[in-house]
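Note that the sequence shown covers residues 161 to 682 in the numbering used here. Glycine included, C-beta positions come from ideal geometry on N, C-alpha and C. Fair warning: this is a prediction, and the values are worked out from it, not measured in the lab.
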Amino acid sequence: MFPFGPHSPGGDGSAGAGAEEPAPDEGQAAATRPPSPLHPGADATHPPPPARSPRRPGAPSLSPAPRSGELGLPGAPESSAASAQGEPSPPSPPRRRPGPDCKAESRGRHGLGAGLGGPGARLFGWLKERSLGRGLFVDPARDNFRTMTSLYGSIHPADSVYLSTRTHGAVFNLEYSPDGSVLTVACEQTEVLLFDPISSKHIKTLSEAHEDCVNNIRFLDNRLFATCSDDTTIALWDLRKLNTKVCTLHGHTSWVKNIEYDTNTRLLVTSGFDGNVIIWDTNRYTEDGCPHKKFFHTRFLMRMRLTPDCSKMLISTSSGYLLILHDLDLTKSLEVGSYPILRARRTTSSSGVSPRNSLEVVTPEVLGESDHGNCITSLQLHPKGWATLLRCSSNSDDEECTCVYEFQEGAPVRPVSPRCSLRLTHYIEEANVGRGYIKELCFSPDGRMISSPHGYGIRLLGFDKQCSELVDCLPKEASPLRVIRSLYSHNDVVLTTKFSPTHCQIASGCLSGRVSLYQPKF
Numbered sequence: 161m162f163p164f165g166p167h168s169p170g171g172d173g174s175a176g177a178g179a180e181e182p183a184p185d186e187g188q189a190a191a192t193r194p195p196s197p198l199h200p201g202a203d204a205t206h207p208p209p210p211a212r213s214p215r216r217p218g219a220p221s222l223s224p225a226p227r228s229g230e231l232g233l234p235g236a237p238e239s240s241a242a243s244a245q246g247e248p249s250p251p252s253p254p255r256r257r258p259g260p261d262c263k264a265e266s267r268g269r270h271g272l273g274a275g276l277g278g279p280g281a282r283l284f285g286w287l288k289e290r291s292l293g294r295g296l297f298v299d300p301a302r303d304n305f306r307t308m309t310s311l312y313g314s315i316h317p318a319d320s321v322y323l324s325t326r327t328h329g330a331v332f333n334l335e336y337s338p339d340g341s342v343l344t345v346a347c348e349q350t351e352v353l354l355f356d357p358i359s360s361k362h363i364k365t366l367s368e369a370h371e372d373c374v375n376n377i378r379f380l381d382n383r384l385f386a387t388c389s390d391d392t393t394i395a396l397w398d399l400r401k402l403n404t405k406v407c408t409l410h411g412h413t414s415w416v417k418n419i420e421y422d423t424n425t426r427l428l429v430t431s432g433f434d435g436n437v438i439i440w441d442t443n444r445y446t447e448d449g450c451p452h453k454k455f456f457h458t459r460f461l462m463r464m465r466l467t468p469d470c471s472k473m474l475i476s477t478s479s480g481y482l483l484i485l486h487d488l489d490l491t492k493s494l495e496v497g498s499y500p501i502l503r504a505r506r507t508t509s510s511s512g513v514s515p516r517n518s519l520e521v522v523t524p525e526v527l528g529e530s531d532h533g534n535c536i537t538s539l540q541l542h543p544k545g546w547a548t549l550l551r552c553s554s555n556s557d558d559e560e561c562t563c564v565y566e567f568q569e570g571a572p573v574r575p576v577s578p579r580c581s582l583r584l585t586h587y588i589e590e591a592n593v594g595r596g597y598i599k600e601l602c603f604s605p606d607g608r609m610i611s612s613p614h615g616y617g618i619r620l621l622g623f624d625k626q627c628s629e630l631v632d633c634l635p636k637e638a639s640p641l642r643v644i645r646s647l648y649s650h651n652d653v654v655l656t657t658k659f660s661p662t663h664c665q666i667a668s669g670c671l672s673g674r675v676s677l678y679q680p681k682f
């Protein structure tokens with residue numbers, strides 16, 4: 161790995177012209193804020209974006225859903241219009257006499273559903289849970305994930321299994337196939353490794369997947385996956401025919417760092433240290449590539465993510481800004497200066513319709529970082545789209561923390577300056593080990609837990625001790641994340657970690673190239 165410097169790729173001072181500069185905050189905070197990534201007149205001496213995964217710039221060499229209206233009680237009197245016309249009305253169930261039992265039921269958490277448990281009471285309780293988006297018939301996997309969460313808490317470091325990857329350089333990224341049958345490993349020395357995560361057996365090594373280090377892997381379905389590299393290319397692969405690439409995509413001018421995929425439109429979205437976000441139409445790919453277009457450009461780009469419903473795009477930068485594109489439309493390319501920069505919450509246009517691809521520039525609130533900037537090195541999204549997960553490092557490289565921010569669509573719960581659509585809900589300080597290296601963290605498949613690299617191991621974090629869902633334990637003020645379990649089994653700094661989408665298993669990879677699998681023993 162190499163340190164970042166002014167001569168690294170992507171470190172040129174180019175920026176899109178014509179962008180409006182975000183208004184500075186009041187007071188002395190304006191003097192300490194880093195330049196906006198969209199400002200064409202930004203200071204040319206500002207540190208360029210990182211030029212080598214997984215190192216970052218300037219590094220040394222080494223609200224719950226609203227409740228529905230109250231439902232009428234079963235057997236309540238209805239309109240007598242039908243009876244007035246001489247039509248027979250349906251028989252009514254026998255009415256219960258009001259008494260202490262009914263009063264006790266009405267005071268319960270679910271009204272009648274928490275009382276004596278009559279047919280009407282049970283129906284009422286079920287309907288109320290359903291209106292809140294909870295219950296077995298709304299989310300059949302809810303109870304299964306709750307059981308799996310308890311199993312994660314029983315994992316011990318001794319349960320880890322090592323995969324032989326030491327000769328392939330550092331592990332930069334781990335990715336499971338959607339059905340959990342294949343684990344892919346992106347390595348520093350141009351290779352991609354494939355393992356069976358259940359048997360821990362090696363399947364295949366793509367020895368020359370790229371001409372430079374492999375940074376990210378993304379599955380498009382259970383058989384097709386994409387890889388990106390510092391050789392500025394993206395490659396498509398088919399698990400049924402791994403001897404050759406499906407095709408190679410050319411379009412970036414610097415190192416490509418991450419890949420996203422819209423399953424509805426089958427559009428591949430990539431970002432790199434050239435500051436470009438490029439859209440690839442995989443519906444029309446051939447051996448020579450597929451049609452593509454530049455969708456967006458910004459300075460100091462680090463990571464780019466799409467929400468699960470592809471309604472938003474989030475872009476993190478090394479200058480501490482987070483860019484949010486609302487009401488996303490990937491079919492429309494954005495030219496610098498053609499979109500509104502929203503410093504406050506999104507507003508509707510004169511026609512009453514919110515503009516597509518409207519941009520919001522946010523400076524995420526980070527506790528303890530009021531006097532100097534920070535770099536957003538890692539960016540992940542909650543699997544249900546409720547929140548975003550950031551790993552932030554101070555520019556002085558002496559502090560590192562993990563923060564969870566809830567998306568706010570309505571009025572903010574508490575004042576934020578400047579007002580934004582993100583609210584800090586949870587945070588935790590991280591071990592300042594392996595300075596300058598990017599640590600990729602992740603949510604569990606149900607979003608109840610977070611796996612975060614921590615020194616020579618990983619920590620499993622929850623929003624509370626019971627690993628409740630985020631919407632069930634939103635605090636009024638930012639509160640610390642709870643450490644559920646710490647797992648240390650590596651002999652070098654852990655750079656990436658990933659939950660299996662289908663099994664109770666966690667994978668982690670470190671700087672020396674070792675991959676560990678954690679799963680409970682029965």
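Distance between residue j and residue i (C-alpha atoms, nearest Å)
i, j, result
"E525", "S471", "23 Å"
"T413", "S476", "19 Å"
"V675", "R459", "33 Å"
"L671", "T350", "15 Å"
"F623", "E637", "13 Å"
"T442", "S639", "43 Å"
"C535", "R444", "37 Å"
"Q540", "L409", "25 Å"
"H452", "L494", "14 Å"
"C563", "P661", "23 Å"
"T548", "L641", "14 Å"
"G596", "S478", "12 Å"
"P338", "D391", "27 Å"
"L396", "S320", "31 Å"
"S604", "P543", "8 Å"
"T423", "C633", "31 Å"
"E590", "D558", "11 Å"
"R650", "L354", "Going by the sequence as given, residue 650 is His instead of Arg. When rounded, the distance between both Cα atoms is 20 Å."
"I588", "E560", "9 Å"
"I598", "G449", "30 Å"
"A667", "F659", "6 Å"
"S360", "L483", "39 Å"
"S554", "R608", "27 Å"
"S498", "R619", "Summary for S498: the model assigns pLDDT 42, below 50, so the residue's position carries little reliability; its value from the coordinates is reported in the next sentence. Between S498 and R619, the C-alpha separation is close to 43 Å."
"L427", "V522", "26 Å"
"Q568", "W546", "9 Å"
"K625", "S646", "14 Å"
"P317", "Y678", "7 Å"
"R465", "Y421", "9 Å"
"Y143", "P515", "Lying before the first or after the last residue shown, residue 143 is absent from the chain, which here runs from 161 to 682."
Residues bridged to residue i (per DSSP)
i, result
"C563", "L550 and Y587"
"H452", "W440"
"V568", "Position check: residue 568 holds Gln in this sequence, whereas Val was assumed. In DSSP, Q568 forms no bridge with anything."
"D422", "L427"
"F603", "I610"
"G432", "V416"
"S538", "R551"
Candidates the options, of which the one nearest residue i by Cα
i, options, result
"N436", "R645, C388, F455 and S554", "F455"
"L584", "R551, R595, D558 and A591", "R551"
"D652", "G615, L482 and K625", "G615"
"D434", "Y421, L428 and T393", "T393"
"E520", "S581, E559, R463 and T537", "S581"
"N517", "L621, L490 and S538", "L490"
"I315", "T656, Y648 and V654", "Y648"
"D606", "I598, I588, C627 and R619", "C627"
"V593", "D469, G617, F567 and C602", "G617"
"Y565", "P635, L620 and L402", "P635"
"K405", "F385, I419 and Y421", "F385"
"R383", "S389, V345, S310 and S341", "S341"
"H457", "P468, I439, K401 and T446", "I439"
"V631", "H586, D381 and V643", "H586"
"H328", "I419, Y336, Y322 and V352", "V352"
Any contact of the segment 332-343 with the segment 362-375, i.e. 3+ C-beta pairs under 8 Å?
yes
Which ranges does the beta strand (DSSP E) cover as unbroken runs of at least 3 residues, wholly within the segment 606-673, from first to last along the chain?
609-614, 617-622, 642-648, 654-659 and 666-670
Continuous beta strand (DSSP E) assignments of at least 3 residues falling wholly in the segment 317-402
321-323, 331-336, 343-347, 352-356, 361-366, 374-379, 384-389 and 393-398
With contact counted as at least three CB pairs below 8 Å, one residue from each stretch, are the segment 414-429 and the segment 360-369 in contact?
no
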